[in-house]
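Quick notes on the structure that follows.
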Amino acid sequence: MADHNCASDGPCPVPPHPDKLKSIPESRDTPLRRRVSIDEGATRPFGLNDGVLFPPPRPFEGSRRQAAEPQPPLRGPLNVLVVLTSFKKMAIRSGAAEYFRDLFFSKNKITTGSVTEYYEEVSGGLVSITGDIFGPYELPETASYYCQDGYGFLNKAANMAPDNPNTQTMAGHALDALLEDKPDIDLRPYDNQNRAKGTVDAFIVVHAGRGGEEKKGVPERDIWSIKWVLKERQFVGKSNTGVYGFLTLPDDARTGVSAHEIGHLVFQWPDLYGTNPERGVGNWCLMSRGSWNKIEGSMPGDVPCHPSAWLKAQQGWVEVRKAKGSLKVLLNEVKATAKGTKTLPAANPKGVGGVYRLWSNGDEFSNEFFLIENRMRYGFDRSLGGEGLLIWHVQDNRDAQNPNRFKLVLLNADYQATGMPVSHEKYKDGPGTPFPGVKGNRSFTAKSTPNSRAYNGEDTFVSLTNISDAGQTMRVDLNVQSAKANL
């Protein structure tokens, strides 16, 4: 229903740690902000935030879109390759291999949940994470060599990724170190279902030290966790399988940062945040600031929330129903309606939908539409600031991080009560965002606030009324008509 590509050719870094923005206010107007919220049409480096998983065909001209075409959704255990690295003069922390084995692959061991437990839950059991960990290996250069005072991917003067050295260089050196230690390694097991044409799906480089997205102090002198691609696909041995896309993580990475970057690299999901906290969809989606969610007693990023309904639908993890005419709908909690769900509470009653797509006359092919889902605070979503009916306004043909209009916007039920913009940080992360909100907003129509009009101001003839209180099953009256029916 929506393309899977990262929405611009800007960078694919994890969102900044909440304290990073508070402690370094000027970071909201640095090259980092211009990289992640850059206007459409600007020149950007290939492989950064463009959905690319494997090299484009030659000649290169006009082939970026081909290289970033949506890939078939993966199912079952996904095999990832993790390489642990130290920098020259900076060793990775002791016990890193055990830490990342638990972080990625363990079950019932980490109180707040591992990466595989996260993806098993959000996919309804359709996807899990497995794999192998190699190293640690010492890279030939220092951290500052790869950072170049630009987090490893920025060039402040030109607003473009530096040619060399950078995070690409670091990932290439990590692969070299792996091959020196394991010259006969067979990479075919990491090309899951042969989806990416002889390419490892997830080459993960863990480096010594904290990530630039979190570490306070002088900005831009630490590696920022990011998805990118090597300059060329590197084939290994006789398996005809190579490494191209990669992601980087610090040696103290949490579940949220790891799951966010896997979202880029494996599922082609775009960033849905801005470095200004008033932008993006807040803490309601993994690909925004939801990657830093936590619960009492945990660290930021320990309990990332679920991806939005829009992202789950791209992977076929939820059933998206279309509506036309007048319907009285029972909307079950989205985690209980995920395809393949076996263990989460409240099995889906017959006829109870999980996600609805709404637009004029039930249009199934428009680039602009609404998605609604019922989100409750349990599982990894226990870190949310509220619960109830979420209404997403989607415009598939927009840049996910375009500062003028985002591809995905989460509407705020208490907009009218607060008088603040829908995207305002103070209100969008709390209990007033899901309907009916704190103030009991039980309608979403052409005349309500927020309203169901298209971005061009035209009536979509979509209305939701009699929205019930938040609960495992919510009730709502849907009315979806055509323009002709309202003449």
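Going by full-length UniProt numbering, the sequence shown opens with residue 1, and the numbers climb by one from there.
Note that CB positions come from ideal geometry on N, CA and C, so glycine has one too.
Cβ-Cβ distances below 7 Å link M287 to H260, G263, W269, P270, D271, L272, P307, L311 in the same chain, with the five nearest sequence neighbours on each side left out; the list follows chain order. In the DSSP annotation of this structure, the continuous segment of the alpha helix (DSSP H) that includes G256 starts and ends at 255 to 267. In terms of Cβ geometry, H207 and D251 form a close pair [threshold 8 Å].
In summary, N466 is exposed, with fewer than 16 beta-carbon neighbours lying within 10 Å of its beta-carbon over all protein chains present. Here V329 is not near V480, since their CB atoms are 8 Å or more apart. The three-state reading of DSSP puts L126 in coil, since its state is none of H, G, I, E or B. Burial state of G212 is buried, judged by a 10 Å Cβ sphere holding 16 or more other Cβ atoms.
Taking the Cα of P189 as reference, the smallest distance to any Cα among D181, K182, G198, P183 is reached at G198. DSSP assignment within the region 78 to 148 yields the following whole alpha helix (DSSP H) runs of 4 residues or more, N-terminal first: 96 to 105, 115 to 122, 143 to 147.
DSSP places T473 within a strand segment (E or B) once states are collapsed to three. Going by beta carbons, W284 and S123 fall outside the 8 Å limit.
Annotation: Q71 is outside any alpha helix (DSSP H) and is labelled neither H nor E by DSSP. In this structure V394 is not in contact with L358, their Cβ atoms being roughly 10 Å apart against a cut-off of 8 Å. Here A177 is not near T241, since their CB atoms are 8 Å or more apart. Separation of K447 and N441 (C-alpha to C-alpha, rounded to the nearest whole angstrom) is 13 Å. For E368, the three-state secondary structure derived from DSSP is strand. T337 counts as buried, since at least 16 other C-beta atoms from the protein chains shown sit within 10 angstroms of its C-beta. For H393, there is no enclosing alpha helix (DSSP H); the residue is found in the beta strand (DSSP E) stretching over 388 to 395.
For H306, there is no enclosing beta strand (DSSP E), as DSSP gives it neither H nor E.
When secondary structure is reduced to three states using DSSP, L272 falls in the coil class, being assigned neither helix nor strand. DSSP, reduced to helix, strand and coil, places L247 within a strand of the structure shown.
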